[in-house]
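>
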Amino acid sequence: KQEVTQIPAALSVPEGENLVLNCSFTDSAIYNLQWFRQDPGKGLTSLLLIQSSQREQTSGRLNASLDKSSGRSTLYIAASQPGDSATYLCAVAPPTDSWGKLQFGAGTQVVVTP
Amino acid sequence: SQTIHQWPATLVQPVGSPLSLECTVEGTSNPNLYWYRQAAGRGLQLLFYSIGIDQISSEVPQNLSASRPQDRQFILSSKKLLLSDSGFYLCACGSGTSGVKQFFGPGTRLTVL
Chain U
17 KQEVTQIPAA LSVPEGENLV LNCSFTDSAI YNLQWFRQDP GKGLTSLLLI QSSQREQTSG
77 RLNASLDKSS GRSTLYIAAS QPGDSATYLC AVAPPTDSWG KLQFGAGTQV VVTP
Chain L
15 SQTIHQWPAT LVQPVGSPLS LECTVEGTSN PNLYWYRQAA GRGLQLLFYS IGIDQISSEV
75 PQNLSASRPQ DRQFILSSKK LLLSDSGFYL CACGSGTSGV KQFFGPGTRL TVL
């Protein structure tokens, strides 16, 4: 059974510092991995999706890497801003015959202080 | 792009009462639809998914049920709520088989007293 773990559970950094968020998964047979952002009391916003054949994806200040063999993904957020404060969730999709049933980690709660 | 509507936004219900949460999707046709539950301080748990009208699969045993009467409508129901049903319920849509992003609705906060 796939297990997805995110460490640390919470993180506080001063504005301007780079953020490094970790996600690990136990079964390397994944189809893709997604990073989401969740603001308090809100739904999820998709940030980046990495296919299993890719090593990384970038969007603006966000960069996500994927190492399937070690079961790890890292989300980097450069030059953090107070608006980056949120909970960040990673989720893995199993191989293609499972209709997109995502397995989520518990998330990392990020606070960026001005 | 897809837009997902969920209502109500918040709900407080007594134990033993019925439940009906609704999700509708705009901007896509024949989507895969999902119901997730997020308990306090925990990750999302997939409850149901649907690949078409009246095609529903359950991921976990529970006293909840789901229905899909129309292509872009997904309903989560219960005949008798339990305290453990409290949580944040999210509807999501995607397409294909695991190949694309999933989009999430704004969620419904359910408190069972």
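Those protein sequences? They're chains U and L, same order as listed. Numbered by the working numbering, the letters in the first sequence go through residues 17 to 130 in order. Numbered by the working numbering, the letters in the second sequence go through residues 15 to 127 in order. Even for Gly, the Cβ is constructed at its ideal location relative to N, Cα and C. Keep in mind the model is a prediction, meaning the values are calculated, not measured.
Tell me the DSSP secondary structure of Ser100 (chain U) in three-state form.
Working through the first sequence from its first residue, we reach residue 100 (chain U) at position 84. Note on residue identity: the sequence assigns Asp, not Ser, to residue 100 (chain U). Of the three classes helix, strand and coil, the one that applies to Asp100 (chain U) here is helix, per DSSP.
> For Gly66 (chain L), decide whether its Cβ has a neighbour in chain U, counting only Cβ atoms nearer than 8 angstroms.
Residue mapping note: residue 66 (chain L) aligns to position 52 of the second sequence, counting from 1. Answer no: the Cβ-Cβ gap between Gly66 (chain L) and chain U never drops below 8 angstroms.
> Kindly say whether Asn46 (chain L), judged by its beta-carbon, lies nearer than 8 angstroms to any beta-carbon of chain U.
One-based indexing of the second sequence puts residue 46 (chain L) at position 32. Closer than 8 angstroms to some Cβ of chain U, the Cβ of Asn46 (chain L) qualifies, so yes.
> Ignore the nearest five residues each way along the sequence and tell me which others in Phe118 (chain L)'s own chain have a CB closer than 6 angstroms to its CB.
As a first step, residue 118 (chain L) must be located in the second sequence, where it is residue number 104. Cβ within range, chain order: Leu104, Ala106.
> Identify the contact partners of Phe120 (chain U) in chain L, using a Cβ-Cβ distance below 7 angstroms as the criterion.
What you label residue 120 (chain U) is simply residue 104 of the first sequence in a count that begins at 1. Correct list: Gly57, Leu58.
> Out of curiosity, what's the CA-to-CA distance linking Gln76 (chain L) and Pro32 (chain L)?
The residue given as residue 76 (chain L) occupies position 62 in the second sequence. The residue given as residue 32 (chain L) occupies position 18 in the second sequence. Their backbone Cα atoms lie some 14 angstroms apart in a straight line.
> At a Cβ threshold of 8 angstroms, is Gln27 (chain L) touching chain U?
To locate residue 27 (chain L), count along the second sequence from 1; it is residue 13. Chain U, which has no Cβ nearer than 8 angstroms to the Cβ of Gln27 (chain L), makes this no.
> Measuring alpha carbon to alpha carbon, tell me which of L:Phe62, L:Leu61, L:Pro22, L:Gln84 ends up nearest Ser43 (chain L).
Taking the first residue of the second sequence as position 1, residue 43 (chain L) is located at position 29. Ser43 (chain L) has its Cα closest to that of L:Gln84, out of L:Phe62, L:Leu61, L:Pro22, L:Gln84.
> Among residues of its own chain, excluding the 5 on either side of Ser112 (chain L), which ones have a beta-carbon nearer than 6 angstroms to its beta-carbon?
What you label residue 112 (chain L) is simply residue 98 of the second sequence in a count that begins at 1. With a pLDDT of only 49 at Ser112 (chain L), under 50, the local geometry of the prediction cannot be trusted, and the value read off the model is given with reservation. The answer is none, since no qualifying residue turns up.
> Under a three-way DSSP split, which group does Gly113 (chain L) fall into?
Residue mapping note: residue 113 (chain L) aligns to position 99 of the second sequence, counting from 1. In this prediction, Gly113 (chain L) scores a pLDDT of 49, lower than 50, which makes its location untrustworthy; the coordinate-derived value is nonetheless stated afterwards. Three-state DSSP puts Gly113 (chain L) in coil, outside helix and strand.
> DSSP three-state call for Ser62 (chain U): helix, strand or coil?
For the purposes of this step, residue 62 (chain U) is taken as the residue at position 46 of the first sequence. Strand, per DSSP.
> In whole angstroms, give me the CA-to-CA distance for Ile66 (chain U) and Lys84 (chain U).
Translated into the one-based positions of the first sequence, residue 66 (chain U) becomes position 50. Translated into the one-based positions of the first sequence, residue 84 (chain U) becomes position 68. Each residue's alpha carbon lies about 11 angstroms from the other.
> So, using beta-carbon positions, are Pro24 (chain U) and Thr129 (chain U) closer together than 8 angstroms?
By one-based count along the first sequence, residue 24 (chain U) stands at place 8. By one-based count along the first sequence, residue 129 (chain U) stands at place 113. No, these two residues do not count as a Cβ contact at 8 angstroms.
> If you draw a straight line from the C-alpha of Ala80 (chain U) to the C-alpha of Pro28 (chain L), how long is it?
For the purposes of this step, residue 80 (chain U) is taken as the residue at position 64 of the first sequence. For the purposes of this step, residue 28 (chain L) is taken as the residue at position 14 of the second sequence. Cα-Cα distance, rounded: 43 angstroms.
> Can you list, in chain order, the residues of its chain whose CB lies under 8 angstroms from that of Gln16 (chain L), leaving out five sequence neighbours each side?
Locating residue 16 (chain L) in the second sequence gives position 2, counting from the first residue. The answer, listed in chain order, is Val39, Glu40, Gly41, Thr42, Pro45, Cys107, Phe117.
> Can you tell me which residues form a DSSP beta bridge with Gln73 (chain U)?
Here residue 73 (chain U) refers to the residue found at position 57 when the first sequence is read from its first residue. Bridge partners of Gln73 (chain U): U:Ala80.
> Is there a C-beta anywhere in chain U that falls below 8 angstroms from the one on Ser112 (chain L)?
Mapped onto the second sequence, residue 112 (chain L) falls at position 98. Low local confidence applies: a pLDDT of 49 at Ser112 (chain L) is under 50, so the model's placement there is unreliable, with the coordinate-based value given in what follows. At least one chain U Cβ lies under 8 angstroms of Ser112 (chain L).
> Residues of the region 62 to 88 of chain U in Cβ contact with chain L at a cutoff of 7 angstroms, in chain order, please.
Listed in sequence order: Ser62, Leu65.
> Between Ser81 (chain L) and the rest of its own chain, which residues show a CB-CB distance below 6 angstroms, the 5 nearest in sequence each way excluded?
Position 67 of the second sequence, counted from the first residue, corresponds to residue 81 (chain L). These residues qualify, in order along the chain: Ile89.
> Indicate, with yes or no, if the ligand ATP has a heavy atom lying under 7 angstroms from the CB of Ala95 (chain U).
For the structure depicted, the ligand ATP is absent and the ligand set is empty, with no information on it obtainable.
> Near Leu13 (chain U), what residues of its chain come up, given a Cβ to Cβ distance below 8 angstroms and the 5 sequence neighbours on each side ignored?
Here chain U covers residues 17 to 130 and nothing more, so residue 13 (chain U) does not appear.
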